[in-house]
Structures are given as C-alpha cells and as structure tokens.
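Presented below is the structure to which this report refers.
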Amino acid sequence: MPEITEFQSNLIIEENEEGLNIMLVDQDGRSMFPEGSKYPYETTRKLLSKMAPVLMEMPNRIKVTGHTMSGSGGQGSGYTNWELSADRANAARQILSEYGVKDDRFFAVVGKADTDPLFPHDPYLAANRRISILLMNESPLLPVDYNP
5 MPEITEFQSN LIIEENEEGL NIMLVDQDGR SMFPEGSKYP YETTRKLLSK
55 MAPVLMEMPN RIKVTGHTMS GSGGQGSGYT NWELSADRAN AARQILSEYG
105 VKDDRFFAVV GKADTDPLFP HDPYLAANRR ISILLMNESP LLPVDYNP
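For the sequence shown, the numbering used here begins at 5 and goes up steadily by one.
This is the structure we're talking about:
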C-alpha cells in the first residue's frame with residue numbers, strides 16, 4: 005500500500021496464533037495521539053482511513069486494543085491508563101467505522117493500559133503506546149439461514 009509508506013516506521017505487522025496483528029506504534033518524536041489524549045493526531049486518522057478499505061475486503065472479525073506506556077496517565081482526576089487505552093482503541097474503531105468498516109465486523113474493543121508492553125525491558129519506551137488491530141484467525145461464521 006504505497007499510500008501508507010510514510011507511516012511505515014509506526015507500523016508493525018505480525019502473524020500470531022490469534023491472527024494478523026497490525027500495530028500502530030508511537031515512536032520518539034512521532035506519536036499517534038497527543039500525550040494523555042484519546043483523540044488521535046490527524047496523521048493517525050489519515051493512516052486509519054487508508055487502512056479501512058483494505059480491512060473491509062478481509063472477512064475476518066476485528067479486535068482493536070489500546071496500550072499505554074507506564075506512567076502515562078490521562079489528564080484529570082480518576083482518568084487512568086485503563087480509560088485512556090480503552091478510549092484510544094474506541095477512537096480507532098470509530099475512525100475505521102467512519103471510513104466504511106461495518107460495525108458487525110468488530111469483535112471487541114479493549115483497553116490494556118500498561119499491562120502488556122511491547123518492550124517489557126523498558127516500560128517507559130514510547131513504542132509501548134500503541135493501538136493493535138487484530139484480524140482474528142477463526143473459522144468463518146455460517147449464515148443464520150445455512151442448512152447443511
């Protein structure tokens with residue numbers, strides 16, 4: 005996808021037992037979201053808008069997960085990394101939906117706070133802040149009216 009090459013340093017794509025995991029990862033000097041905010045930068049919105057048509061062509065259900073780095077809480081009393089990570093995941097889901105991914109394709113929207121760092125040896129590394137978009141590896145769902 006040539007339209008997302010400018011974002012390649014912020015993307016990590018890996019296949020695992022759950023499916024194909026596409027991670028939008030913060031880099032030092034190039035964040036996906038402003039510090040402590042659930043609202044993405046315009047560049048993040050642009051990346052998600054370019055990903056949406058490709059995701060629409062895939063039959064897989066989608067799980068969106070938000071992650072924060074240690075010590076990066078949201079602003080305001082009682083607004084923790086849990087809320088921040090869940091809100092960021094949901095913001096990503098909303099953008100994908102806005103650009104055509106149907107709501108019934110989403111399996112889950114999850115916030116994991118700082119409990120699952122990408123780099124456990126350095127929990128304060130910017131790359132631990134990320135959104136994961138998992139194309140789930142599962143058998144296709146049968147239509148309701150399917151009669152073998």
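Where is the CB? At the ideal position from N, CA and C, for every residue including glycine.
What is the rounded straight-line gap between the Cα of residue i and the Cα of residue j?
i	j	result
A95	K42	7 angstroms
F111	P124	27 angstroms
P63	P127	34 angstroms
Y103	M27	19 angstroms
T119	S136	14 angstroms
P44	K54	15 angstroms
I17	R109	20 angstroms
Below 8 angstroms on the Cβ atoms is my guess for residue i versus residue j; work out the distance and round it to an integer in Å.
i	j	result
E142	R65	7 angstroms
Mind checking whether residue i and residue j have CB atoms under 7 angstroms apart?
i	j	result
S89	G75	no
A56	V114	no
R133	M73	yes
L138	N25	yes
A1	D30	What the structure shows of the chain is the stretch from 5 to 152, and residue 1 is not part of that stretch, so it cannot be assessed.
F37	R92	yes
Taking the alpha carbon of residue i as the point to measure from, which residue in the options has its own alpha carbon closest?
i	options	result
K67	S13, G23, Y128	G23
L51	D107, L15, N85	L15
W86	L122, P44, G40	G40
T47	M140, G82, S13	S13
When burial is assigned at 16 or more other CB atoms within 10 Å of the CB, is residue i buried or exposed?
i	result
S97	Note that residue 97 is Arg in the sequence shown, not Ser. With 16 or more Cβ atoms within 10 Å of its Cβ, R97 is classed as buried.
R34	exposed
M60	exposed
N20	exposed
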